[in-house]
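Q: Oh and the sequence shown: position 223 is 393 in the working numbering, straight run, nothing missing.
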Amino acid sequence: NSGMFIDLHDPHHKIQIFSHKDHLSPESQELLKLLDLGDFIGVTGQVRRTPRGELTVNAVEIVMLSKALLPLPEKYHGLTDIEVRYRQRYLDLIVNEDSRTTLLNRSKVIANIRRSLEDRSFIEVETPMLHTIAGGALARPFVTHHNALDMDLYLRIAPELFLKRLIVGGLSEKIFELNRCFRNEGISTRHNPEFTTIEIYEAYADFNDMMDLTEYIVESAAQSVFGKLEFDFQGTLLNFKGPWKRKSMTALIFEQTNVDFLTTHTQEEALKAATGLGLKVSPKDSWGKIVEAAFEHFVEKTLIQPTHVTELPRDISPLAKAHPTDPRLTERFETFVNTWEIANGFSELSDPIDQKDRFLSQVNDRASGNDEAHEMDEDFIIALEQGLPPTGGLGIGIDRLVMLLTNSPSIRDVIAFPTMKAK
Numbered sequence: 171n172s173g174m175f176i177d178l179h180d181p182h183h184k185i186q187i188f189s190h191k192d193h194l195s196p197e198s199q200e201l202l203k204l205l206d207l208g209d210f211i212g213v214t215g216q217v218r219r220t221p222r223g224e225l226t227v228n229a230v231e232i233v234m235l236s237k238a239l240l241p242l243p244e245k246y247h248g249l250t251d252i253e254v255r256y257r258q259r260y261l262d263l264i265v266n267e268d269s270r271t272t273l274l275n276r277s278k279v280i281a282n283i284r285r286s287l288e289d290r291s292f293i294e295v296e297t298p299m300l301h302t303i304a305g306g307a308l309a310r311p312f313v314t315h316h317n318a319l320d321m322d323l324y325l326r327i328a329p330e331l332f333l334k335r336l337i338v339g340g341l342s343e344k345i346f347e348l349n350r351c352f353r354n355e356g357i358s359t360r361h362n363p364e365f366t367t368i369e370i371y372e373a374y375a376d377f378n379d380m381m382d383l384t385e386y387i388v389e390s391a392a393q394s395v396f397g398k399l400e401f402d403f404q405g406t407l408l409n410f411k412g413p414w415k416r417k418s419m420t421a422l423i424f425e426q427t428n429v430d431f432l433t434t435h436t437q438e439e440a441l442k443a444a445t446g447l448g449l450k451v452s453p454k455d456s457w458g459k460i461v462e463a464a465f466e467h468f469v470e471k472t473l474i475q476p477t478h479v480t481e482l483p484r485d486i487s488p489l490a491k492a493h494p495t496d497p498r499l500t501e502r503f504e505t506f507v508n509t510w511e512i513a514n515g516f517s518e519l520s521d522p523i524d525q526k527d528r529f530l531s532q533v534n535d536r537a538s539g540n541d542e543a544h545e546m547d548e549d550f551i552i553a554l555e556q557g558l559p560p561t562g563g564l565g566i567g568i569d570r571l572v573m574l575l576t577n578s579p580s581i582r583d584v585i586a587f588p589t590m591k592a593k
């Protein structure tokens, strides 16, 4: 008799509805008795403000647009089961504003990255998702079968080799692709088998330019979307204001261990140095793999603020240009924040003879049981023989970047529908 108030929500707004039997049709009055939380309704009426200033619609007609047959989680004290949140993301989004905000901010970050690159005259391209050779990264692929062609294909682990073919062809001197990649590997708070990356290639640039570009992209996204460059991530303050620290992998190892692997001129000497540090490495590991193991054990955990780790070993960088003064190293970098790798880039290897030799070395590794080693790609070698201009390449992990910018502890928080084990 005194009327009833209803809160009507859409994804971005809320408005109050006032309904009174004196103003409603009999059909609308009956409908009110059937309303449940989660129903979609249409309301016709006069808009006014209450004495407290709240925008309100005085309803004269209410119609049912869509009926919710299941109750919302609020009736059961909210959605607290973390697995249900990921499996039934629609419920999570209905009741958790933080989840909606995180995914909306992800969309804004991606849009800003695209705009930032387009402002610098980069063009967005598309390359295949199905590959005949699992190339472009050292990872284990998903395998599928094409019935009509009767051949196995791989879901791509990286678009790199196709993107460099476009540079060879002269489509543009500046290209990027922002899309999904797939790796048949473990699942963790930082790893999902299906993930989003951006790969960027620029002719007449090198790995120093790519480090500059990484900083530009991240700073632009942080400032434009969130209005700041300092972020609290799980109690750690991260500052993305450039310039970021740049230091070689071997120099960082030396800082933590007082061992200079550049003075170990053979695999045997490197193995002895690693053993002396208490590292468990295989006698079959190459010089570069031993250096990488030392870095992962002693250095990664110390890299909190944004840091470009440069001059990575050649034998773990099959697609990167060799260092001009030390053939054991390359013009490659990995960018770390909060101990995580978020970016990887290098001066691209353009010498087809050197590239073929490195592919052959990877093939030998694969034959020895390393199923993440790179396969031989003869067509890519032919493309390089046509001529690849000096080129800088860069890959940034979108999911991890969004995690850092939104204070999300799990990659599942920033992917709308993360991969889950079947129930």
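Cβ atoms here follow ideal geometry from the backbone N, Cα and C, with glycine treated the same way.
1. Could you check which residue in G305, A229, D180 and N282 has the C-alpha nearest to that of A543?
2. Give me the Cα-Cα distance between L239 and L205, rounded to the nearest whole angstrom.
3. Which residue comes first and which comes last in the alpha helix (DSSP H) that contains E389?
4. Which value, in whole angstroms, describes the spacing of the CA atoms of R582 and M380?
5. Pick helix, strand or coil for G339, following the three-state DSSP scheme.
6. Could you give the first and the last residue of the continuous beta strand (DSSP E) run that contains K417?
7. In terms of residues, what are the limits of the beta strand (DSSP E) holding A513?
8. To the nearest angstrom, how far is the alpha carbon of L574 from that of L432?
9. Give me, in chain order, the residues of the same chain whose beta-carbon lies closer than 8 Å to that of T445; leave out the 5 immediate sequence neighbours on both sides.
10. Enumerated in chain order, which unbroken segments of the alpha helix (DSSP H) with a length of 4 residues or greater are wholly contained in the region 205–271?
11. Near D541, which residues of its chain fall below 7 Å by C-beta distance, leaving aside the five closest residues on each side in sequence?
12. With distances taken from CA atoms, which of A586, G563, I176 and T297 is nearest A375?
13. Note down, in chain order, each residue of its chain lying with its Cβ closer than 8 Å to the Cβ of A328, except the 5 sequence neighbours on either side.
14. Note down, in chain order, each residue of its chain lying with its Cβ closer than 7 Å to the Cβ of Y246, except the 5 sequence neighbours on either side.
15. Y260: buried (16+ other C-beta within 10 angstroms of its C-beta) or exposed?
16. Below 8 Å, how does it come out for the region 404–413 and the region 274–292: are there three or more Cβ pairs, yes or no?
17. May I ask which residues mark the beginning and end of the alpha helix (DSSP H) holding G458?
18. Exposed or buried, what is H435 when buried is set at 16 or more other beta-carbons lying within 10 Å of its beta-carbon?
19. Who are the Cβ neighbours of S198 in its own chain at under 6 Å, not counting the five residues just before and after it?
20. Hey, how far is the Cα of I568 from the Cα of E462?
21. Within the continuous alpha helix (DSSP H) that includes I551, where are the two ends?
22. Between the C-alpha atoms of L225 and F587, what's the straight-line distance to the nearest angstrom?
23. Return helix, strand or coil for P483, following the three-state DSSP convention.
24. Strictly under 9 Å for the Cβ-Cβ distance: is L261 near chain C by that measure?
25. Per DSSP, which one or two residues make a beta bridge with I327?
26. Can you find the residues in the same chain that come closer than 7 Å, C-beta to C-beta, to I486, ignoring five residues on each side of it along the sequence?
27. Which of helix, strand or coil does DSSP assign to F292?
28. Near N228, what residues of its chain come up, given a Cβ to Cβ distance below 7 Å and the 5 sequence neighbours on each side ignored?
29. Runs of 3 residues minimum, wholly inside the region 341–367: which ones carry the beta strand (DSSP E) assignment?
A: Result, derived from the coordinates:
1. G305
2. 11 Å
3. F377 to A391
4. 28 Å
5. helix
6. K415 to S418
7. W510 to S517
8. 33 Å
9. V451
10. 252–257 and 259–265
11. R310
12. G563
13. G305, G306, A307, A309, C351, T367, E369 and G565
14. Its pLDDT being 49, under 50, Y246 is placed unreliably by the model, and the measurement read from it follows with that caveat. No residues qualify anywhere along the chain.
15. exposed
16. no
17. W457 to F468
18. exposed
19. E231 and I232
20. 24 Å
21. E548 to Q556
22. 36 Å
23. strand
24. In the structure shown, chain C does not exist; there is a single protein chain.
25. According to DSSP, which records beta bridges pairwise, I327 is partnered with nothing at all.
26. G458, K459 and E462
27. coil
28. F188, H193, G215, Q216 and R218
29. 344–352
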